[in-house]
Amino acid sequence: MLKISKFTDYGLLASVYLARQAGQIVAAREIAEFYHLPVPMITKVLKALHHGGVIGSHRGVGGGYSFEGDAESVTLGALLDVLEGPWDLVECETLDDAGQATCAIRVACPSRRLMFGINRAIKGAFEQVTLGDLLRGGMPLPVIDKQHLAAGREATQ
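Residue numbering for the sequence shown follows our numbering, starting at 1 and increasing by one per position.
In structure tokens:
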């Protein structure tokens, strides 16, 4: 079922920590100690966030990681993509490298239209929540509304 991995959860924690210290260089150990998490796992998470362009990396004595961006412009959806890779709830929404759907029964599937709408609504909800919202400990309401779900259904018809 839909569940955020520990890796992604730790990535969100690290992102929030760095965004709170915006512009400052922070060592992986500091973040790990703050959340009582293993340093090697936080180091892996920080490398993924750096490779995804979310945070900066600084080498040498006093090195570490920093968040230099605008927390309001980084969405939860973007963070999930960096930490998990592109994802969809159902295979019929997943595309291969050539842009083709990977599901063999997509055309004949009776639940495809409904799942398309649900998939789009959930991904849309993740795009509405920003790192700034996570910093404040809240999220915009309503994140998912019936109108948005209905728009996803209409797009598939």
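All C-beta atoms, glycine included, are put in the ideal place defined by N, C-alpha and C. No experiment lies behind these values; they were computed from the predicted model shown.
Using a 10 Å radius around the Cβ and a threshold of 16 neighbouring Cβ atoms, would you call Tyr-10 buried or exposed? It is buried - the Cβ of Tyr-10 has at least 16 other Cβ atoms within 10 Å.
Exposure label - Phe-7; buried when at least 16 CB within 10 Å: Under this definition Phe-7 is an exposed residue.
Residue span of the beta strand (DSSP E) that contains Gly-56, given as start and end: Gly-56: member of the beta strand (DSSP E) spanning 56-58, first to last residue.
For the beta strand (DSSP E) that contains Gly-62, what are its first and last residues? The continuous stretches of beta strand (DSSP E) do not include Gly-62, and DSSP gives it neither H nor E.
Let me know if Gly-63 comes out buried or exposed under the rule of 16 or more other beta-carbons within 10 Å of its beta-carbon. A residue is called buried once 16 or more other Cβ atoms fall within 10 Å of its Cβ, and Gly-63, having fewer, is exposed.
May I ask which residues mark the beginning and end of the alpha helix (DSSP H) holding Ala-14? It spans 6-20 - the alpha helix (DSSP H) in which Ala-14 sits, taken as one unbroken run.
With DSSP as the reference, please indicate the residues paired to Ser-66 in a beta bridge. Paired residues: Gly-56.
What did DSSP end up calling Arg-26 once you bin it into helix, strand or coil? For clarity, residue 26 is Val in the given sequence; the question names Arg instead. Strand at Val-26.
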